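Enquirer:
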Amino acid sequence: NAGVTQTPKFQVLKTGQSMTLQCAQDMNHNSMYWYRQDPGMGLRLIYYSASEGTTDKGEVPNGYNVSRLNKREFSLRLESAAPSQTSVYFCASRHLGYEQYFGPGTRLTVT
Amino acid sequence: DAKTTQPPSMDCAEGRAANLPCNHSTISGNEYVYWYRQIHSQGPQYIIHGLKNNETNEMASLIITEDRKSSTLILPHATLRDTAVYYCILTGTSYDKVIFGPGTSLSVIP
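This is the structure:
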């Protein structure tokens, strides 16, 4: 039981490049989440998915797209990376009414 | 916006109890109070949660006021490894959106 896994762990992009952050959970949770955390700040919700086939915007969705590929996987895509998207990205999952489980994070630098 | 307010930072002497307050004056009847902590830059870790009764587990105790407008997380014997950012958040049983605030940065001092 691996919990929540994220790939890659580290990534450096140039401005304008695109990439997809991958997240998978093996706990059969319905809900999945993407957060970003800037240095010295709290977590901000980017997008979340209440169930397979549904996604909703969070606090800071601009510049991102998401796909809930199936119940296990929830990916986050940056179509044209900007330096302002330099951050640590955390994926989480939960059953409705229970606690969230977080992945180890992806550290993204955009130059 | 986060529906909770916490002090930005606190210190606690090693071995003493750490009492972390949280205000949630607009809490709804079906919302639980959840506490998480984040050590260094790891993913947040669940600590405890409650609806209206006080709760205790192997990590901490949670005291919720009778009007449910505030709560306190208690780490009974703080150690250096408890140095972390602690987040108090509200989570409903009928919706999925989970918003974090900036949390409280707890420093446990030798």
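Protein chains in written order, with the numbering used here: chain A, 1 to 111; chain B, 112 to 221. Glycine is no exception: its CB is placed at the ideal position from the N, C-alpha and C atoms. Please read all numbers here as calculations on a predicted model, not as lab measurements.
Would you mind telling me which residues of chain A sit closer than 9 Å to residue 122(B), beta carbon to beta carbon, in chain order?
Expert: Ordered by position in chain A, no residue passes the 9 Å Cβ test against residue 122(B), which lies about 18 Å from the chain.
Enquirer: On the CB-based measure, 16 or more other CB atoms within 10 Å of its CB, does residue 97(A) come out buried or exposed?
Expert: Residue 97(A) is exposed by the Cβ-count criterion.
Enquirer: Does residue 132(B) come out as helix, strand or coil in the three-state DSSP assignment?
Expert: Residue 132(B) falls in the strand class under three-state DSSP.
Enquirer: Any idea which residues DSSP pairs residue 106(A) with across the strands?
Expert: According to DSSP, residue 106(A) bridges with 89(A).
Enquirer: Nearest CA to the CA of residue 95(A): which residue from 30(A), 110(A), 35(A) and 77(A)?
Expert: It is 30(A).
Enquirer: Comparing alpha-carbon positions, which option in 47(A), 7(A) and 60(A) lies nearest residue 33(A)?
Expert: With distances taken between Cα atoms, residue 33(A) lies closest to 47(A).
Enquirer: Where do the N-terminal and C-terminal ends of the beta strand (DSSP E) with residue 160(B) fall, by residue?
Expert: From DSSP, the beta strand (DSSP E) with residue 160(B) extends over 156-161.
Enquirer: Per DSSP, residue 202(B) is paired with what?
Expert: Answer is 143(B), bridged to residue 202(B).
Enquirer: Would you list the residues sitting across from residue 10(A) in a DSSP beta bridge?
Expert: Answer by DSSP bridge pairing, in chain order: 107(A).
Enquirer: Interface residues of chain B around residue 66(A) at Cβ under 9 Å?
Expert: Simply none; closest approach about 14 Å.
Enquirer: Using a Cβ-Cβ cut-off of 8 Å (strictly less than) and excluding sequence neighbours within five positions of residue 191(B), which residues of its own chain qualify?
Expert: Closer than 8 Å at Cβ, skipping near neighbours: 125, 219 and 221.
Enquirer: Within this structure, are the beta carbons of residue 28(A) and residue 52(A) separated by less than 8 Å?
Expert: No.
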